[in-house]
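Note sheet for the following structure.
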Amino acid sequence: MKLAIVCDDLVQFGGQERLVVAVHDIWPDAPIYTSVASKKWIAYAKEHSVKLVTSFMQKLPFVDSLNRFYSILLFHILAMESFDFSDYDVVLSFSSRFAHGVITKPSTKHVCYMNSPGRMFWEPAGYFDHERVDGGWLALPILWMRFWSYIAAQRVDLFIANSRSIKSKIEKYYKRDAIVVYPFADICLRTDTKNSVSDYFLVVTRLAAWKRVDVAIAACIKCGVKLKIVGVGRDMPRLKRISGSNPNIEFLGQVGDERKTELLLGCQALINTQAEDFGIVPIEAMFCGKPVIAYGFGGALETVQAGITGEFFCEQTAESLLKVLTAFDYRKYSQSNCVLQARNFSRQLYERNLKQVIRTVYLGVQN
Numbered sequence: 007m008k009l010a011i012v013c014d015d016l017v018q019f020g021g022q023e024r025l026v027v028a029v030h031d032i033w034p035d036a037p038i039y040t041s042v043a044s045k046k047w048i049a050y051a052k053e054h055s056v057k058l059v060t061s062f063m064q065k066l067p068f069v070d071s072l073n074r075f076y077s078i079l080l081f082h083i084l085a086m087e088s089f090d091f092s093d094y095d096v097v098l099s100f101s102s103r104f105a106h107g108v109i110t111k112p113s114t115k116h117v118c119y120m121n122s123p124g125r126m127f128w129e130p131a132g133y134f135d136h137e138r139v140d141g142g143w144l145a146l147p148i149l150w151m152r153f154w155s156y157i158a159a160q161r162v163d164l165f166i167a168n169s170r171s172i173k174s175k176i177e178k179y180y181k182r183d184a185i186v187v188y189p190f191a192d193i194c195l196r197t198d199t200k201n202s203v204s205d206y207f208l209v210v211t212r213l214a215a216w217k218r219v220d221v222a223i224a225a226c227i228k229c230g231v232k233l234k235i236v237g238v239g240r241d242m243p244r245l246k247r248i249s250g251s252n253p254n255i256e257f258l259g260q261v262g263d264e265r266k267t268e269l270l271l272g273c274q275a276l277i278n279t280q281a282e283d284f285g286i287v288p289i290e291a292m293f294c295g296k297p298v299i300a301y302g303f304g305g306a307l308e309t310v311q312a313g314i315t316g317e318f319f320c321e322q323t324a325e326s327l328l329k330v331l332t333a334f335d336y337r338k339y340s341q342s343n344c345v346l347q348a349r350n351f352s353r354q355l356y357e358r359n360l361k362q363v364i365r366t367v368y369l370g371v372q373n
């Protein structure tokens, strides 16, 4: 079977990019097609002997920093439709914006693993909230991208959703059905790892306005508890202004996997403020035996068990989170229960389920 992997872009290293790497481990001979790749990703591809195929966008200036704005100019759409997959039996795309829009011949089956229909054009109000962006001039390109996204979705042979929440969005926005294959969390704990409890809560996320980290900051300041924030992003200056000089709020920036695991092992709980499509970090926290305090919406409802492995706050506000923090006692949550729940989202299960889907699609091509 000749298989090609496609993803929106390779600029960050988040949940979707980790899935792409994992899938390439399953099919190491498969090339990875993407609109544009950062220098770090190009170096990674060379180091790991990954065949990386980029589009004309790779020649555009400042692709790392301006990649998001090139989206508005529809360059990513042109990039995805420019690839030729005539030599492949199956194309497996990972999409949260544009990758589902690749074009294949009838003899090549396109399976799309949808992490989320593009928030930029399907949920622009939440996506651009708290950003210095005038939505008026974006209305026309967003409307066009929404139209294109719907048309492109009709070309996909099979959709895989990363959660029941995203399955519902695929049905709502694209009028298509989807099967669910949950992503995985991959935490490597040494045998001598100690699970201790310090006096801080933890946020681990990319700092974008729609992630609503400001909710966690405001609630922790009001509650008088310590909060450590792992991650970088465009929203960091605003978040630092909100936290001011409060000694309880600490920004740690980007950290490596080992340091992230240490922080998870030492926290009282992970705070997850965003409306998750699925959410890998909460699974990582539970793998470390830690409870999760999550906004009760979307994928978090499928991974966190209220009263057993964490708690939900019902509204995406500091006041709602504050009520949970005030009553929270980490001793109520069993480490073994957290780990047991996390094992439902293991890499082994993910790989087995995904291989079964691709095998079924490939056999359909042969028949």
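The sequence shown begins at 7 in my numbering and counts up by one. All C-beta atoms, glycine included, are put in the ideal place defined by N, C-alpha and C. Because the structure is a prediction, the values reported are computed rather than measured.
(Q) Quick check: the region 33-49 against the region 112-127, are at least 3 beta-carbon pairs closer than 8 Å? (A) no
Q: In the DSSP assignment, find the unbroken alpha helix (DSSP H) run with T60 in it and report its ends.
A: Run containing T60: none in the alpha helix (DSSP H); it sits in the beta strand (DSSP E), L58 to T60.
**Q.** Nonlocal neighbours in the same chain, by C-beta distance under 7 Å from D198, ignoring five residues either side
**A.** With a pLDDT of only 46 at D198, under 50, the local geometry of the prediction cannot be trusted, and the value read off the model is given with reservation. Cβ neighbours of D198 beyond the five flanking positions: none.
Q) How should G107 be labelled, buried or exposed, when 16 other C-beta atoms within 10 angstroms of its C-beta is the threshold for buried? A) buried
Q | Extent of the continuous beta strand (DSSP E) to which V210 belongs | A | Y206 to V210
Q: Verify whether the separation of the beta carbon atoms of K296 and A275 is less than 8 Å.
A: yes
Q: Please report how far the alpha carbon of V26 lies from the alpha carbon of D15, in whole angstroms.
A: 11 Å
Q. Once you ignore the five residues that flank K329 on each side, which residues in its own chain have a CB closer than 8 Å to its CB?
A. Taking K329 as the centre and dropping the five residues before and after it, the same chain places the C-beta of F319 closer than 8 Å to its C-beta, in chain order.
(Q) Please report the straight-line C-alpha distance between V69 and V210, rounded to a whole angstrom. (A) 25 Å
Q.
So for S92, helix, strand or coil by DSSP?
A. coil
Q) Helix, strand or coil for V231 per DSSP? A) coil
Q.
Rounded to whole angstroms, what is the Cα-Cα separation between L271 and Y206?
A. 11 Å
Q) Secondary structure at S99, three-state DSSP: helix, strand or coil? A) DSSP places S99 in the strand class (E or B) of the three-state scheme.
Q) Quick one: what does DSSP say A225 is sitting in, helix, strand or coil? A) helix
Q: At 4 residues or longer, and completely inside the region 114-181: list those alpha helix (DSSP H) runs for me, N to C.
A: 125-128, 130-134, 145-159 and 170-180
Q | Y356, buried or exposed, once every other Cβ within 10 Å from all chains shown has been counted against 16 | A | buried
Q) Which whole-angstrom value is the C-beta distance of F62 and A85, which I expect to be below 8 Å? A) 7 Å
Q. Would you report the Cα separation of L149 and I83, rounded to the nearest angstrom?
A. 14 Å
**Q.** Among C294, H54 and L327, the one whose alpha carbon lies nearest that of T315
**A.** C294
Q) Do the region 280-293 and the region 340-351 touch if we need at least three Cβ pairs shorter than 8 Å? A) Short answer: they touch.
Q: Work out the CA separation of P123 and W33 for me, nearest whole Å.
A: 25 Å
Q | Where P34 falls: helix, strand or coil (DSSP) | A | coil
Q) In whole angstroms, what is the alpha-carbon distance linking A159 and E129? A) 17 Å
Q | Where N278 sits in the DSSP three-state scheme | A | DSSP places N278 in strand when its eight states are reduced to three.
Q: Taking only the alpha-carbon atoms, compute the straight-line gap between K228 and I364 and give it to the nearest angstrom.
A: If you take the alpha carbons of K228 and I364, they lie about 50 Å apart.
(Q) A214 and G239 - do their beta-carbons sit closer together than 8 Å? (A) yes
**Q.** Contact set for V367: own chain, Cβ-Cβ below 8 Å, skip 5 residues either direction
**A.** V96, K115, V117, D163 and L164
Q: Check whether the Cβ atoms of I248 and I277 lie closer than 8 Å to each other.
A: In this structure, I248 sits away from I277, with a CB-CB distance that is not shorter than 8 Å.
Q) Given V221, which residues of its chain have a CB within under 7 Å of its CB, disregarding the five upstream and five downstream residues? A) Apart from the 5 residues on each side of it in sequence, V221 sits with its Cβ closer than 7 Å to the Cβ of T279, Q322, T323, A324 and L327 in its chain, given in chain order.
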